[in-house]
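Structure record follows, encoded as structure tokens.
Numbering (our numbering), first residue to last: 12 to 218.
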């Protein structure tokens with residue numbers, strides 16, 4: 012009975028009983044839904060948009076009804092190339108950095124599926140080649156003259172403060188400064204050149 016099984020399991024004589032799942036629970040759609048529900052408990056809503064985007068693209072390539080256990084290692088290796096070609100749906104292929112982010116989420120999915128005993132092996136765990144080179148045309152060095160011009164066109168001190176925090180202290184212009192508190196700022200006894208700001212981060216506890 013269950014009590015006897017629990018005792019034997021406690022002393023290591025039997026293994027934990029595997030979940031009995033219907034065939035439909037192994038569909039790409041069902042597994043993604045379960046994974047997204049699991050991640051949404053501790054991942055910010057803005058980040059979850061990327062997870063849902065990755066899920067949509069994955070379903071478009073493999074089909075929502077496909078049994079996820081039938082995805083082969085060869086299909087996994089080809090997925091980054093297929094995803095890049097698929098692109099944003101408006102005739103433009105994805106940048107390598109976007110492909111890397113979306114495939115990274117797929118890798119998380121498969122790791123989770125193995126840990127949940129949905130899959131026996133992770134076909135995305137090896138042999139997946141990704142290019143993470145940044146697009147150089149997006150890089151732009153902001154000169155002092157441009158910074159001063161931006162400062163001078165602000166109409167309020169609050170707006171100017173946000174620009175200063177973003178330019179010199181690395182805070183995100185809107186999101187971080189919206190929630191900043193006095194206790195997050197080290198005013199360095201009025202020496203602005205030594206002032207610092209530390210804000211909460213779910214990744215490393217503070218930055």
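No residue lacks a Cβ here, since even glycine has one placed at the ideal position from N, Cα and C. Every value quoted in this text rests on a predicted model; they were computed, and no experiment measured them.
Cα separation between residue i and residue j?
i           : j           : result
residue 34  : residue 127 : 15 Å
residue 167 : residue 77  : 56 Å
residue 54  : residue 107 : 24 Å
residue 132 : residue 52  : 25 Å
residue 32  : residue 192 : 49 Å
residue 155 : residue 162 : 10 Å
residue 61  : residue 200 : 42 Å
residue 85  : residue 70  : 17 Å
residue 217 : residue 174 : 21 Å
residue 203 : residue 177 : 15 Å
residue 104 : residue 164 : 38 Å
residue 196 : residue 186 : 16 Å
I believe residue i touches residue j by the beta-carbon criterion, under 8 Å. Please report the beta-carbon distance rounded to the nearest angstrom.
i           : j           : result
residue 57  : residue 43  : Actually they are not in contact, since the Cβ atoms of residue 57 and residue 43 sit about 19 Å apart, beyond 8 Å.
residue 87  : residue 39  : 13 Å between Cβ atoms; not a contact.
residue 114 : residue 137 : Not a contact, Cβ separation roughly 13 Å.
residue 140 : residue 97  : About 17 Å; that fails the 8 Å criterion.
residue 121 : residue 110 : No, residue 121 and residue 110 are not in contact; Cβ-Cβ is about 16 Å, not under 8 Å.
residue 130 : residue 80  : 6 Å
On the three-state DSSP scale, how would you describe residue i?
i           : result
residue 196 : strand
residue 38  : strand
residue 58  : helix
residue 134 : coil
residue 207 : strand
residue 78  : strand
residue 51  : coil
residue 171 : helix
residue 112 : helix
residue 63  : helix
residue 2   : Because the chain in this structure spans residues 12 to 218, residue 2 falls outside the shown range and cannot be described.
residue 186 : helix
residue 152 : coil
residue 69  : helix
residue 102 : coil
Whose C-alpha, out of the options, is nearest the C-alpha of residue i?
i           : options               : result
residue 169 : 158, 188, 178 and 134 : 188
residue 117 : 82, 183 and 197       : 82
residue 180 : 206, 190 and 171      : 206
Which residue comes first and which comes last in the alpha helix (DSSP H) that contains residue i?
i           : result
residue 217 : Run containing residue 217: none; DSSP gives neither H nor E here.
residue 92  : 84-97
residue 156 : 155-163
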